[in-house]
Amino acid sequence: MGTSPIIVRSEPVRRPPPDAPSARDAELAQAIRRGDERALDRLLAQRWAPLVSYVAGRVGDVELAKDITQEAFVRLWERRHEIDPSRSVVAYLYQVVRRRAIDELRREAVRARWAEREHLHASEDTAGEAQMGRLTDHEILARVGRAIGQLPGRRREAFTLVHVQELSYRDAAEVMGIAPQTVANQVAAALAQLRCELKQLIAEPTDVP
């Protein structure tokens, strides 16, 4: 009498979708959503160092990376009631710091371009440099402040949020209720107008012999 073969029925392994959190992460997200500060502390202890390292690798500045990471945790806590436990709270944190790091890099690039352009403009007009040298810092700041105050409303607000309050274009857009590209356009227009005003300032005659 022969032995019956053993039939093994294979069933596909069921895996969670790629963006689904683990049971532990989901439980942690639910606890944070309920306002459990200890849950936030646990998440902070688990993810602080990796997030700082990730951001520092992108922006090249550890202190800035710490600031960005802290902002992400603050934002998570402030918006805890919007947490979706079916989504990974860790992935959310990485998305936030990544966007913030990109914004910072773009802003730094704009600053570098602006500084380079100003250097070129200054080099082209040595007489202008001499005139500016006769003005005190207080006089220069006062005139620049007046020039900013003369910008059209939306243009002035966009410039102030980005270059005075140092918000990202995205955050400024959220504050103003417009698209980030619109903010960028308004800031560019403001810079062009201010550059023109500064040229006029340099060209003004002086009473100093």
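Take 1092 as the starting number for the sequence shown in the working numbering and just add one per residue.
By construction, the Cβ of each residue, glycine as well, lies at the ideal position given by its N, Cα and C atoms.
Remember, predicted model here, so these are calculated numbers, not experimental data.
If we cut at 8 Å on Cβ distances, does residue i have a partner in chain B?
i	result
V1180	In summary, chain B is missing from the structure at hand, where a single protein chain is found.
Between the C-alpha atoms of residue i and residue j, what's the straight-line distance to the nearest angstrom?
i	j	result
D1175	A1120	8 Å
E1248	D1116	40 Å
L1142	A1280	36 Å
R1261	A1114	33 Å
R1189	V1153	15 Å
Q1186	L1242	35 Å
Q1277	A1233	23 Å
H1254	R1246	12 Å
Q1284	A1238	9 Å
G1148	A1200	17 Å
E1118	L1184	16 Å
On the three-state DSSP scale, how would you describe residue i?
i	result
L1242	coil
R1072	Residue numbering for the chain in the displayed model covers 1092 to 1300; residue 1072 lies beyond these limits and cannot be assessed.
R1178	coil
A1309	Nothing about residue 1309 can be reported from this structure: the residues present for the chain run from 1092 to 1300 only.
Where does the unbroken alpha helix (DSSP H) through residue i begin, and where does it stop?
i	result
D1132	E1128 to V1150
I1123	A1114 to R1124
I1159	V1153 to E1169
Our contact map puts residue i next to residue j with C-beta atoms below 8 Å; I'd like the distance itself, whole angstroms only.
i	j	result
V1146	A1192	5 Å
Inter-stretch contact at 8 Å, needing at least 3 Cβ pairs: the segment 1111–1130 / the segment 1148–1157:
No: fewer than three Cβ pairs fall under 8 Å.
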